[in-house]
Amino acid sequence: MPRNIVEVSQFSRDDLEFIFDRADEMRALSVPDHRLAGRILATLFYEPSTRTRLSFESAMLRLGGNVISTENAREFSSAIKGESVEDTIRIVEGYADAIVIRHHEQGAAARAASVASVPVINAGDGPGEHPTQALLDLYTIRHELGRIDNLRIALVGDLRFGRAVRSLALLLTQAIGIELVFVSPPEVQMGDDVRDALTRARIPFSDESDLASAVRDVDVVYQTRIQKERFSSDAEYARNKGIYIVNAETMANLPEHAIVMHPLPRVDEIAAEFDRDPRAKYFREAHNGVYVRMSLLESLLAGPWSNERGTALHE
Amino acid sequence: MPRNIVEVSQFSRDDLEFIFDRADEMRALSVPDHRLAGRILATLFYEPSTRTRLSFESAMLRLGGNVISTENAREFSSAIKGESVEDTIRIVEGYADAIVIRHHEQGAAARAASVASVPVINAGDGPGEHPTQALLDLYTIRHELGRIDNLRIALVGDLRFGRAVRSLALLLTQAIGIELVFVSPPEVQMGDDVRDALTRARIPFSDESDLASAVRDVDVVYQTRIQKERFSSDAEYARNKGIYIVNAETMANLPEHAIVMHPLPRVDEIAAEFDRDPRAKYFREAHNGVYVRMSLLESLLAGPWSNERGTALHE
Amino acid sequence: MPRNIVEVSQFSRDDLEFIFDRADEMRALSVPDHRLAGRILATLFYEPSTRTRLSFESAMLRLGGNVISTENAREFSSAIKGESVEDTIRIVEGYADAIVIRHHEQGAAARAASVASVPVINAGDGPGEHPTQALLDLYTIRHELGRIDNLRIALVGDLRFGRAVRSLALLLTQAIGIELVFVSPPEVQMGDDVRDALTRARIPFSDESDLASAVRDVDVVYQTRIQKERFSSDAEYARNKGIYIVNAETMANLPEHAIVMHPLPRVDEIAAEFDRDPRAKYFREAHNGVYVRMSLLESLLAGPWSNERGTALHE
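Those protein sequence lines, which keep their order, are chains A, B and C. Every letter in the first sequence is one number past the one before it in my numbering, and letter 273, counting from 1, is 273. Each number in my numbering comes from the position in the second sequence (counting from 1) with 1000 added on. Each number in my numbering comes from the position in the third sequence (counting from 1) with 2000 added on.
1) Are VAL2188 of chain C and PHE2161 of chain C closer than 8 Å when you measure CB to CB?
2) Distance check for ASP2210 of chain C and VAL2181 of chain C, CA to CA, integer angstroms please.
3) Please classify ARG2166 of chain C: is it buried, with 16 or more other beta-carbons within 10 angstroms of its beta-carbon, or exposed?
4) Which residues, in chain order, does the stretch 2270 to 2286 of chain C contribute to contact with chain B at a C-beta distance below 9 Å?
5) In the DSSP assignment, the beta strand (DSSP E) including ARG216 of chain A goes from what residue to what residue?
6) The alpha helix (DSSP H) that contains HIS2287 of chain C, what's its start and end?
7) Work out the CA separation of SER299 of chain A and GLY177 of chain A for me, nearest whole Å.
8) If you follow the alpha helix (DSSP H) that LEU135 of chain A is in, where does it begin and where does it stop?
9) Got a sec? Which residues, its chain only, sit under 7 Å from VAL2218 of chain C by beta carbon, not counting five neighbours each side?
10) Going along chain B, which residues have a C-beta under 9 Å from LYS2241 of chain C?
11) Give a yes or no on whether the minimum CB-CB distance between SER78 of chain A and chain C is below 8 Å.
12) Between ASN122 of chain A and ALA109 of chain A, how many whole angstroms is the CB-CB distance? I'm expecting something under 8 Å.
13) Exposed or buried, which one is PRO204 of chain A when buried takes at least 16 other CB atoms within 10 Å?
14) Any residues in the stretch 2152 to 2164 of chain C with a beta carbon nearer than 7 Å to a beta carbon of chain A? Which ones, in chain order?
15) Can you round the beta-carbon distance between TYR1244 of chain B and VAL1260 of chain B to whole angstroms, since I take them to be within the 8 Å contact cut?
16) By DSSP, does ASN2004 of chain C sit in helix, in strand, or in coil?
17) Indicate whether GLN2223 of chain C and HIS2262 of chain C have their beta-carbon atoms separated by less than 8 Å.
18) Using the C-alpha atoms, what's the distance from SER2213 of chain C back to VAL194 of chain A?
19) Mind pulling the chain B residues with CB within less than 7 Å of SER58 of chain A?
20) For ARG13 of chain A, which residues of its own chain have a beta-carbon under 7 Å away from its beta-carbon, when the five flanking residues on both sides are left out?
21) For SER301 of chain A, which option in A:VAL220, A:LEU41, A:ASP24 has the closest C-alpha, if you only look at C-alpha atoms?
22) Would THR52 of chain A be called buried (16 or more neighbouring beta carbons within 10 Å of its own) or exposed?
23) Does DSSP classify THR166 of chain A as helix, strand or coil?
24) Measure the C-alpha to C-alpha separation of GLY1303 of chain B and PHE56 of chain A and round it to an integer number of angstroms.
25) Please report whether the beta-carbon of SER2233 of chain C lies at a distance below 8 Å from any beta-carbon of chain A.
26) On the premise that GLU2086 of chain C lies in contact with ARG2111 of chain C, defined as a C-beta separation below 8 Å, what is that separation, rounded to the nearest angstrom?
27) Short check: CB of MET26 of chain A to CB of TYR291 of chain A, under 8 Å?
28) Which residues in the same chain as GLY6 of chain A place their Cβ atom closer than 6 Å to its Cβ, once the five residues preceding and following it in sequence are excluded?
29) Curious, which full-length beta strand (DSSP E) runs of at least 3 residues does the stretch 1065 to 1131 of chain B contain?
30) What residues from chain C crowd round LEU1061 of chain B, counting only those whose CB sits closer than 9 Å?
31) Using the C-alpha atoms, what's the distance from ALA271 of chain A back to ALA248 of chain A?
32) Applying the 10 Å Cβ sphere with the 16-neighbour rule, what's the burial state of PRO1255 of chain B?
33) State the DSSP-derived secondary structure class of ARG2027 of chain C, mapped to helix, strand or coil.
34) Looking at the secondary structure, which residues open and close the alpha helix (DSSP H) in which PHE1248 of chain B lies?
35) Would you say PRO1304 of chain B lies against chain C (beta-carbon separation less than 8 Å)?
36) Determine, for ILE2091 of chain C, whether the minimum Cβ-Cβ distance to residues of chain B falls below 8 Å.
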């Protein structure tokens, strides 16, 4: 029973089904809802991420809760005066009933969770994890295809540094009958740590170099952005970013029932002309984040995961 | 029936009367009010404008709604990673029931409105328009003088780059019996586009060089700030900014019943000693923005303009 | 009867007891509470202070109110275009029912209060005051020790520039039977202005150079951070900052019943190993800020201090 949301490895298959069932209920919720009335969520972003922050805030507000937030904690907060993350958390836990933290250092969310008396949710810890993104990705697969098992999934683009796609691959070890196809430029291929985890979970994977051909028999194409900041020169970036684009040929080969996903933001790795294609699910994927985060917030603050916490003001 | 608020030319005379009548009702509203309970407004400011943002947020909260916002979307958001405004809107429409956008590029709000499934309100698009400012200005005239027709109005200061004063002049083409007097330094005179629109609407206008004399027979003095950033040198700025000041002589000549307006912020183009003069309405003008924005938000989200939209969570 | 919260000298002993009694009630409040439903607090921070801002916002939300805020008013607002604080306040008073202001200039909050038609709360005005910090500090002493009279209190660290500790010393002139012990590096000793005020109030004080010995018979150790920005060289800073640390020897000498306080943020002037010592009250001190601010906001907006104000929307 999660008390904090820190990394994808903490979730059992049962946890996942529970979270996703509850997200389905959230989708059908009529507003105004008051189940988190009087509760406060603090969003502490040491690194900007407007969309992730707004998604969490929307989720909290839709449940009747309130939000206090800082857009740029790194520059503005007492961090600049030398305060540790642990001290900041022990102060803010007196202001809020749960804390969402985004930080540039790997492990910062785990350190925050280790001292906090209120639930902590990791919204990205540098090169570490971004577990709610992985949850909303897997939820989108379940919502669109009706299952998370027995799927062939192409992971495309930056598989080396892409935090979302790496976490999704790890989360898929909870499913059965999965086959993964990696399609990525040589310089940003999937790392051995993820490959080893998949091998241990007996999930077959292969590397393919031709995207148009690789998508012929998949259920999901998960495209990602090539991140400019990962390359030492503009030329190197340009060379890598142009290799795998979801274009007319890709879409022609993609089965009718398959879906196209992307953690967003997108630059031009999916041509905008396909945004209205019924298989394009990336915007709905982003919207699903609100339902998954509503599911998590309710479970942590008013649901079964909150049994051991009081609802009185924090002492 | 407006579905979005993008530019002043979209409003008919009937629309204006409807918006202003409803703003009058908002003025009398007792709090707490719950008519937008459970609804969420997103404010996306790619360019800072604390006052405009706070005014929209206050309006939404006074109707019982909630707000998610970003103060500095240009620097902090995924825009920096190359995301288009259209993509950002298609993501944020999943988080909110309406979107207020301020952007540095002309046309950005129209592009946002063209893809959004929720109402979009333009809070300023670079050198383009700022329609809610024009609406609150005209509403202030109606509220203070009881009418928007048969008025003589002096527009003073930077008429070339001043977005608010330009939009007000265009909106006045919906009124009858209007006469405009332009009083501005030679380098920032009213542009031909606005002059042509006034001519087509048969609204007489003239240029005057002496402010104290020009205000003798007006009903409204609309003063504006000379914007430093429009001039290539400090000397040129200083020369222009000192020419037309609302001072003791201006106020002595101004009729008893007339009003002084200003879109604010002010530097020194109206002497602070007149702030308590009963004809000084610029702070009340700013306050009126809350009522006009309440009127617009209610109409878009819960009133007659919202008929074709559901109130369920966005899919 | 305070109409604004600007400086500690405005509070009588009765005011203090009233504020603290009400803070005690706030501590026991069950959420959701609605006593400030429909009311809006504006937080205008010209200087960043994430923790102070979030504390005020949490206080307002816990009473059922709403918040509009700006994290960085100095850089983003119309201040950059030359607008005076007075003008900003006269605009924002139309958006909100109370205003919290943090400003880099001494006296800015008093100027704001002098023009505002809604209550103004000083959240720090440069080298001036930070009265709600002093109130929460004194409240913490009362809450932990049961009284504010007949106490021996050691003030440690930067007593020259530390705004919080200076304000606390001044506020203690309202108590009786107080003795103060100053323990600070020579370059940042307590100023003559505070010493004179204490002398006038017949509060005895002394300077001690040995922290471990000074704490033997105190009831309170109030430790503060040596501020790097106060020293001209890193070497000078390093020399001063290492002199007085709350360490094992200090804690061994400190009486069982005594408490350790700190306005936070902390760097290393209190060793983190004592955070779980029952005498360490600095995190609870920060949490108390929420109760004290709830007490103030309720009194200003819905309690006895608000008698002369209406609850209708501001004209």
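Glycine included, C-beta positions come from ideal geometry on N, C-alpha and C.
Judging by the given coordinates:
1) yes
2) 11 Å
3) Around the C-beta of ARG2166 of chain C, 16 or more other C-beta atoms lie within 10 Å, and the residue is accordingly described as buried.
4) none
5) For ARG216 of chain A, there is no enclosing beta strand (DSSP E), as DSSP marks it with neither H nor E.
6) That run of the alpha helix (DSSP H) goes 2282 to 2301.
7) 29 Å
8) Segment 131 to 145, the alpha helix (DSSP H) holding LEU135 of chain A.
9) ARG2152, ILE2153, ALA2154, VAL2181, ALA2258
10) None at all; the shortest Cβ gap to chain B is about 33 Å.
11) yes
12) 3 Å
13) Per the 10 Å Cβ criterion, exposed.
14) The stretch 2152 to 2164 of chain C vs chain A, Cβ under 7 Å: nothing.
15) So it is not a contact: roughly 13 Å between Cβ atoms.
16) Looking at ASN2004 of chain C - three-state DSSP - the assignment turns out to be coil, as it is neither helix nor strand.
17) Going by C-beta atoms, GLN2223 of chain C is nearer than 8 Å to HIS2262 of chain C.
18) Those two C-alpha atoms are separated by around 57 Å.
19) ILE1040, ILE1068, TYR1095, ALA1096
20) Excluding residues within five positions, the ones whose Cβ falls inside 7 Å are GLN174.
21) Here the sequence assigns Leu to residue 301 of chain A, which means Ser is not the residue at that position. For LEU301 of chain A, the nearest C-alpha among the options comes from A:LEU41.
22) buried
23) Note that residue 166 of chain A corresponds to Arg in the displayed sequence, not to Thr. DSSP places ARG166 of chain A in helix when its eight states are reduced to three.
24) 28 Å
25) Not an interface residue.
26) 6 Å
27) Yes, these two residues count as a Cβ contact at 8 Å.
28) First, the amino acid is wrong: residue 6 of chain A is Val here, not Gly. Here the set comprises ALA109, ALA110, ALA113, ASN122.
29) 1066 to 1070, 1098 to 1103, 1120 to 1125
30) GLY2038, ILE2040, ASN2066, VAL2067, ILE2068
31) 8 Å
32) exposed
33) If DSSP states are grouped into helix, strand and coil, ARG2027 of chain C belongs with the helices.
34) Note that residue 1248 of chain B corresponds to Ala in the displayed sequence, not to Phe. In the DSSP annotation of this structure, the continuous segment of the alpha helix (DSSP H) that includes ALA1248 of chain B starts and ends at 1248 to 1253.
35) no
36) Closer than 8 Å to some Cβ of chain B, the Cβ of ILE2091 of chain C qualifies, so yes.
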